[in-house]
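Numbering (our numbering), first residue to last: 572 to 1066. Worksheet: the structure to be examined is printed underneath.
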């Protein structure tokens, strides 16, 4: 419906408020959201796709509600609509045109939030039930409702920014990217399964979601189930306890595309591996696409059954590596554009030279730049980039040597390097050895093979197991977590 000039200015003010107070969530595509007006105390906003609608609803609703209240001075609910959602739902009734400023908010049931979900008799027949997180699982044999989701899942959120056009390609991810595009173009035909592996924060999730988004765009009726390995395991155990295995199996097998992040967490879970083995076979035999990510290639996942290792390698196994300098520069500029500002070349080059770890850290700096620019009313330039890296620049300027890590750890635990390189398995030796490997992986660019060689010629699987052991222990052992933090800080201190 047509917006009056006052309403447009109110919407512009809301966007400005979001940028000033909630910069971390702001995206350039927020400019494309269409304000439809206020009806019965609810501000209705139309996103330009169902994916954008669902992302806004699950990630941004509270921030938009706060901005609406701050700008209008009224307590408003917020509802996001997709392009196919009924126009009547956003249209005013017989009381006249809706505007962004409501003078007499009416009482509302519940909280007035939520993107339109399946309702009525027809929807009840097509959707078997709601999964925690707000997505819906299809009933056996059902096709998605026209306005309902066709990308299903549990707690994971599809991010519209994770489309192929926003993925920066470099030497370390070129094969993985090309294969992902082929999978999206011909699900079930090219590279099945598609298995991508690499360290945390290098773009695996981006590729998985890009596949989901492209298939959803080109084949809107395709049923896509996207979840984490933890989500799969949790739902499996819940189904076993509730005696609802038939529903569980329909949920994961009656789909066209199954996408699971962090599949390496299947390790050491025999019953879940058994169930996933049969799920895999069912989908593969039906020529349905399977997409998996992991922090290690199939053969290096500890305690993964050989039959699963074999199946994971039936299609294509591709790796993503740390981005090089030129790729990091492009990633920084791309992340800035997605957030609605330009990052000058000299600032991007400065940051890329300082941070060579992973993409998430690069994005963190971009967010920090945006917030500092908004708060201090400063342009984003090289001087602001220097200020943003103020506390961290000393760490990233000086590479950490593995010998420094060994010296700090052995001094703390009172052991010798020869002890760490020995075959001894007593806790007094194994724990310091594991901590050394963990810190070496964190602070150096050494591969797992290189780390293992520094500690008695151990292989990469031993190094990976040691790193995982420390990662798991520090989440439950407060004392060890404090020790590792102290050692970490000492390693990064200037000599």
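Built from N, CA and C at the ideal position, the CB exists for glycine as well. Every value quoted in this text rests on a predicted model; they were computed, and no experiment measured them.
Give me the Cα-Cα distance between residue 831 and residue 795, rounded to the nearest whole angstrom. Along the chain shown, one-based indexing puts residue 831 at 260. Along the chain shown, one-based indexing puts residue 795 at 224. The alpha-carbon atoms of residue 831 and residue 795 are separated by roughly 11 Å.
Which residues bound the beta strand (DSSP E) around residue 1031? By 1-based counting over the chain shown, the position of residue 1031 is 460. Segment 1031 to 1044 is the alpha helix (DSSP H) holding residue 1031; no beta strand (DSSP E) there.
Hey, out of 751, 771, 784, 770, whose CA is closest to residue 733's CA? As a first step, residue 733 is located in the chain shown; it is residue number 162 there, counting from the start. Closest option to residue 733, Cα to Cα, is 784.
Mind checking residue 997: buried by the 16 CB within 10 Å criterion, or exposed? For the purposes of this step, residue 997 is taken as the residue at position 426 of the chain shown. Classification for residue 997: exposed.
Would you kindly report the start and end of the unbroken alpha helix (DSSP H) that includes residue 617? Walking along the chain shown from the start, residue 617 turns up at place 46. Not the alpha helix (DSSP H): residue 617 falls in the beta strand (DSSP E), residues 613 to 617.
Among all the DSSP beta bridges, which residues are the ones paired with residue 626? Translated into positions along the chain shown, residue 626 becomes position 55. According to DSSP, residue 626 bridges with nothing at all.
Does the Cβ of residue 742 have 16 or more other Cβ atoms within 10 Å, making it buried, or fewer, making it exposed? Taking the chain shown and counting its residues from 1, the one referred to as residue 742 is at position 171. Burial call: exposed.
Would you mind sorting residue 768 into buried or exposed? The rule is 16 or more other CB atoms within 10 Å of its CB. One-based indexing of the chain shown puts residue 768 at position 197. It counts as buried.
Let me confirm a value: residue 681 is counted as buried when at least 16 other C-beta atoms fall within 10 Å, else exposed. Which label applies? By one-based count along the chain shown, residue 681 stands at place 110. Interpretation of residue 681 is limited by its pLDDT of 35, a score under 50 that renders its predicted location unreliable; the figure taken from the coordinates is listed afterwards. Counting Cβ neighbours within 10 Å, residue 681 comes out exposed, since fewer than 16 surround it.
Express the C-alpha separation of residue 819 and residue 759 in angstroms, rounding to a whole number. Residue 759 sits at position 188 when you count from the first residue of the chain shown. Residue 819 sits at position 248 when you count from the first residue of the chain shown. Distance between the alpha carbons of residue 759 and residue 819: 22 Å.
Label residue 1025 either buried or exposed according to how many other C-beta atoms from any shown protein chain fall within 10 Å of its C-beta, with 16 as the threshold for buried. Here residue 1025 is taken as the residue at index 454 of the chain shown, counted from 1. It counts as buried.
Element boundaries [beta strand (DSSP E), containing residue 861]: Numbered from its first residue, the chain shown carries residue 861 at position 290. Counting along the chain, the beta strand (DSSP E) containing residue 861 begins and ends at 860 to 865.
Could you please give me the residues that DSSP links to residue 606 through a beta bridge? Here residue 606 refers to the residue found at position 35 of the chain shown. Its beta-bridge partners are 616.
Going by CA-CA distance only, name the one from 942, 952, 809, 933 that's closest to residue 590. Counted from its first residue, the chain shown places residue 590 at position 19. It is 942.
For chain C, find out if any of its Cβ atoms is closer than 9 Å to the Cβ of residue 869; answer yes or no. Absent here is chain C; the protein component of the structure consists of one chain.
CA nearest to the CA of residue 637, picked from 628, 630, 629, 647: As a working mapping, residue 637 is identified with position 66 in the chain shown. With distances taken between Cα atoms, residue 637 lies closest to 647.
Residue range of the alpha helix (DSSP H) that includes residue 599: Residue mapping note: residue 599 aligns to position 28 of the chain shown, counting from 1. First-last for residue 599: undefined, no H or E at that position.
Considering Cα atoms alone, identify which of 937, 971, 974, 814 is closest to residue 958. Residue mapping note: residue 958 aligns to position 387 of the chain shown, counting from 1. When only C-alpha atoms are compared, the closest one is 937.
Contact set for residue 1042: own chain, Cβ-Cβ below 8 Å, skip 5 residues either direction: Sequence index remark: in the chain shown, residue 1042 carries index 471 (1-based). Answer for residue 1042: 1009, listed in chain order.
Closest to residue 980 by CA distance: which of 1054, 956, 932 is it? For the purposes of this step, residue 980 is taken as residue 409 along the chain shown, with counting starting at 1. Ranking the options by Cα distance to residue 980, first place goes to 1054.
Under 9 Å between C-beta atoms of residue 829 and residue 862: Within the chain shown, the letter at position 258 stands for residue 829. Within the chain shown, the letter at position 291 stands for residue 862. Cβ atoms of residue 829 and residue 862: closer than 9 Å.
Could you tell me whether the region 795 to 811 touches the region 871 to 888, where touching means 3 or more Cβ pairs closer than 8 Å? no
Where does the unbroken alpha helix (DSSP H) through residue 947 begin, and where does it stop? Residue 947 sits at position 376 when you count from the first residue of the chain shown. Run containing residue 947: 930 to 947, per the alpha helix (DSSP H) assignment.
Compare the C-alpha of residue 838 against each of 876, 585, 916 and name the closest. The residue you call residue 838 lines up with position 267 of the chain shown. Residue 838 has its Cα closest to that of 876, out of 876, 585, 916.
Skipping 5 residues on each side, what residues in its chain have a beta carbon closer than 7 Å to that of residue 597? Indexing the chain shown from 1 puts residue 597 at position 26. These residues qualify, in order along the chain: 589, 590, 910, 911.
Under 9 Å, do residue 854 and residue 893 count as touching if we go by C-beta distance? Stepping through the chain shown from its first residue, residue 854 is reached at position 283. Stepping through the chain shown from its first residue, residue 893 is reached at position 322. Contact flag unset, no.
Residue range of the beta strand (DSSP E) that includes residue 829: Looking up residue 829 in the chain shown gives position 258. Its beta strand (DSSP E) spans residues 828 to 832.
Quick one: what's got a C-beta closer than 6 Å to residue 1027's C-beta in the same chain, skipping five residues either side? Residue 1027 sits at position 456 when you count from the first residue of the chain shown. The answer, listed in chain order, is 992.
List the whole-angstrom C-beta distance separating residue 599 from residue 931, where the pair is believed to meet the contact cut-off of C-beta under 8 Å. Walking along the chain shown from the start, residue 599 turns up at place 28. Walking along the chain shown from the start, residue 931 turns up at place 360. In fact, because the Cβ distance is near 20 Å, the residues do not count as touching under 8 Å.
Using beta-carbon positions only, say whether residue 793 and residue 827 come within less than 9 Å of one another. In the chain shown, counting from the first residue as 1, residue 793 sits at position 222. In the chain shown, counting from the first residue as 1, residue 827 sits at position 256. In this structure, residue 827 lies closer than 9 Å to residue 793 by Cβ.
Going along the chain, which residues of its own chain have a beta-carbon closer than 6 Å to the beta-carbon of residue 691, five neighbours each way excluded? The sequence position of residue 691 within the chain shown is 120, counting from 1. With a pLDDT of only 35 at residue 691, under the threshold of 50, the placement of this residue in the model should not be trusted; the figure read from the coordinates follows. Around residue 691: no qualifying Cβ.
Touching or not, the region 844 to 860 and the region 737 to 751, by the rule of three or more beta carbon pairs under 8 Å? no
Whether residue 755 touches residue 798 by CB criterion (9 Å): Position 184 of the chain shown holds residue 755. Position 227 of the chain shown holds residue 798. Their beta carbons are not under 9 Å apart, which means residue 755 does not touch residue 798 by this criterion.
Measure the C-alpha to C-alpha separation of residue 867 and residue 750 and round it to an integer number of angstroms. The residue you call residue 867 lines up with position 296 of the chain shown. The residue you call residue 750 lines up with position 179 of the chain shown. Between residue 867 and residue 750, the C-alpha separation is close to 18 Å.
Contact belief for residue 787 with residue 622 at Cβ below 8 Å, rounded distance in angstroms: Taking the chain shown and counting its residues from 1, the one referred to as residue 787 is at position 216. Taking the chain shown and counting its residues from 1, the one referred to as residue 622 is at position 51. With 8 Å as the limit, residue 787 and residue 622 qualify as a contact, their Cβ atoms being about 7 Å apart.
Give the list of continuous alpha helix (DSSP H) stretches no shorter than 4 residues that lie fully inside the region 834 to 890. 841 to 856, 877 to 883
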